[in-house]
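Protein chains in written order, with the working numbering: chain A, 2 to 292; chain B, 650 to 912.
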């Protein structure tokens, strides 16, 4: 679970701190530009290479998947016009993605509230940890989709069931990371708080919350990634507007090109979600950790 | 009976009912305004002693009296400067000191008075120019100075220093030692300092408490350092009384109570 922290996060970090040397403006700008190019060009080259390879592999007579050129011809409208709406389920990918994102937003928001709350409780109380942690450890291994039949039975409607699946997927890493963060508040901070006699609520708000913030944001980032994984699968099963069902629908009508375009969009949105959480985490915890 | 300002009497500490004693029957009296250094090898329990005086650890037997009342819990009257500064990294230098002011002496002050008192203590360690910086942006020596300012801002009866300069380079350490001497001269605060640096102990303190090796550590000897104040490290370098005191401590640590070679 913790593996979902791509090393790419640090790869762009040097850009945030411009060269410290007081060089003339023009050459500093030049260096910025060349640094940016150095970061942008390699992935572009790799992507171009992959497309060429793909084209070559799928242009043969027996190819089962369409090459990029056919994807472009088949799905040009899908790629160029993500927001068309011809009623019913015949909508642009942007609208499908918006519907999925809305579900994720709702489910994830619930997971944040419940997860941070429970994590704080489990992290600060030995008794709560002993009681709840074994249950969490078992429940968190249940695959998200296994919850779907139960939640459909309970809610009897697709929308709340999907939201519940997102919630139950995202909540575990948030709980666990928050609890670890609270438990890892350095003993030194505890001693400082005892010497100046902080009251319990002051201790909590002024020491525990800021000290645990980096851990909490790690949990949120893992949680949002898992949510996005789960929503696609859940939507395939529940139907309606949403990128998951779009993919399933395209498969049923053998529109492989549509599926490929949708996959690229799903990947890009997932990437953006991850980056937003990473950025929020950095912004909130700026300067709160040593080094 | 004539009570001392700070009294440690028959203090023994063990961690757990079956564990061996870490400290065994410590007796120590400290008068108001005195600067006492506690020195000993690593693991002799000197930090444990300081933590009991601070109230952060409970005494197993015996106890600590400050101005006649028993120490049972931590409090601002025994402010601690921790070895690794323990500044809160999400607060600025100013906010770190201000938090301590607000929760202790500042409870009876106006907002402007709390601000002034915070700045006054930062000025005492010459950190007022860096008040807006966060701990990650200042050097180790500066962090330790802020830690000292935070402790002093609580107007403690006893200032407890737990190897305050241990993590610093020699030049920064000397500079900070001079600052602490100046503050001690100016405020007359009672100070108890844990150290493993013989020169530091002799230079700064009125009395040096030498601890035997743990477990079961106790006070081996107490040496009075009757060097006049203010003390100057350069002048003392060749001063016979300084050298004699230094030798006495060295002999205690490396002749009579040397660590076994295996350690």
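Cβ atoms here follow ideal geometry from the backbone N, Cα and C, with glycine treated the same way.
Contacts of residue i in chain B (Cβ-Cβ under 7 Å)
i: residue 215 of chain A; result: Result: empty, since nearest Cβ-Cβ is about 10 Å, beyond 7 Å.
Buried versus exposed, by CB contacts within 10 Å (16 or more), residue i
i: residue 781 of chain B; result: exposed
i: residue 286 of chain A; result: buried
i: residue 109 of chain A; result: buried
i: residue 745 of chain B; result: buried
i: residue 281 of chain A; result: exposed
i: residue 63 of chain A; result: exposed
i: residue 202 of chain A; result: exposed
i: residue 903 of chain B; result: exposed
i: residue 718 of chain B; result: exposed
i: residue 839 of chain B; result: buried
i: residue 683 of chain B; result: buried
i: residue 681 of chain B; result: exposed
i: residue 52 of chain A; result: exposed
i: residue 739 of chain B; result: buried
i: residue 49 of chain A; result: exposed
i: residue 87 of chain A; result: exposed
i: residue 802 of chain B; result: buried
i: residue 170 of chain A; result: buried
i: residue 676 of chain B; result: exposed
i: residue 57 of chain A; result: exposed
i: residue 41 of chain A; result: exposed
i: residue 792 of chain B; result: buried
i: residue 61 of chain A; result: exposed
i: residue 813 of chain B; result: buried
Contacts of residue i in chain A (Cβ-Cβ under 7 Å)
i: residue 839 of chain B; result: Ordered by position in chain A, no residue passes the 7 Å Cβ test against residue 839 of chain B, which lies about 16 Å from the chain.
i: residue 749 of chain B; result: 197
Neighbouring residues, chain A, relative to residue i (Cβ below 8 Å)
i: residue 731 of chain B; result: 189, 192, 193
i: residue 752 of chain B; result: 197, 198, 199, 203
Chain-ordered neighbours of residue i on chain A, where CB pairs are closer than 9 Å
i: residue 803 of chain B; result: 196, 197
Reference residue i, options the options, closest by Cα
i: residue 95 of chain A; options: A:237, A:242, A:117, A:141; result: A:242
i: residue 701 of chain B; options: B:680, B:688, B:684, B:672; result: B:672
i: residue 775 of chain B; options: B:743, B:763, B:902, B:858; result: B:743
i: residue 193 of chain A; options: B:694, B:722, B:840; result: B:722
i: residue 872 of chain B; options: B:887, B:882, B:888, B:899; result: B:899
i: residue 186 of chain A; options: A:114, A:214, A:223, A:269; result: A:214
i: residue 825 of chain B; options: B:837, B:853, B:807, B:861; result: B:853
i: residue 860 of chain B; options: B:788, B:905, B:820; result: B:905
i: residue 797 of chain B; options: B:818, B:785, B:830, B:786; result: B:830
i: residue 209 of chain A; options: A:51, A:87, A:35, A:125; result: A:125
i: residue 233 of chain A; options: A:123, A:197, A:61, A:271; result: A:271
i: residue 928 of chain B; options: B:732, B:783, B:669; result: No statement about residue 928 of chain B is possible, as the shown extent of chain B runs from 650 to 912 and does not include it.
i: residue 105 of chain A; options: A:152, A:235, A:263; result: A:235
i: residue 269 of chain A; options: A:230, A:122, A:184, A:178; result: A:230
i: residue 245 of chain A; options: A:90, A:55, A:39, A:72; result: A:90
i: residue 808 of chain B; options: B:876, B:704, B:892, B:763; result: B:704
i: residue 141 of chain A; options: A:162, A:167, A:122, A:158; result: A:167
i: residue 182 of chain A; options: A:122, A:240, A:82; result: A:122
i: residue 890 of chain B; options: B:784, B:664, B:848; result: B:848
i: residue 227 of chain A; options: A:278, A:260, A:196, A:249; result: A:278
Bridge-paired residues (DSSP) for residue i
i: residue 856 of chain B; result: B:685, B:873
i: residue 223 of chain A; result: None; residue 223 of chain A has no bridge partner.
i: residue 184 of chain A; result: For residue 184 of chain A, which the question treats as bridged, DSSP gives no partner whatsoever.
i: residue 712 of chain B; result: B:658
i: residue 866 of chain B; result: B:672
i: residue 718 of chain B; result: B:715
i: residue 806 of chain B; result: BP columns for residue 806 of chain B are empty, so no partner.
i: residue 283 of chain A; result: For residue 283 of chain A, which the question treats as bridged, DSSP gives no partner whatsoever.
i: residue 663 of chain B; result: B:670
i: residue 86 of chain A; result: A:92
Interface flag, residue i vs chain D, CB-CB below 9 Å
i: residue 854 of chain B; result: Among the protein chains of the structure shown, namely A and B, there is no chain D.
Item to check | Within 9 Å of chain B by C-beta, residues of the stretch 195 to 213 of chain A in sequence order | outcome: Taking 9 Å as the Cβ-Cβ cut-off against chain B, the residues of the stretch 195 to 213 of chain A that qualify are 195, 196, 197, 198, 199, 200, 203, 207, 208, 211, 212.
Item to check | Contact set between the stretch 704 to 735 of chain B and chain A, restricted to residues whose Cβ is under 7 Å from the partner | outcome: Listed in sequence order: 705, 723, 724, 725, 728, 729, 731, 733, 735.
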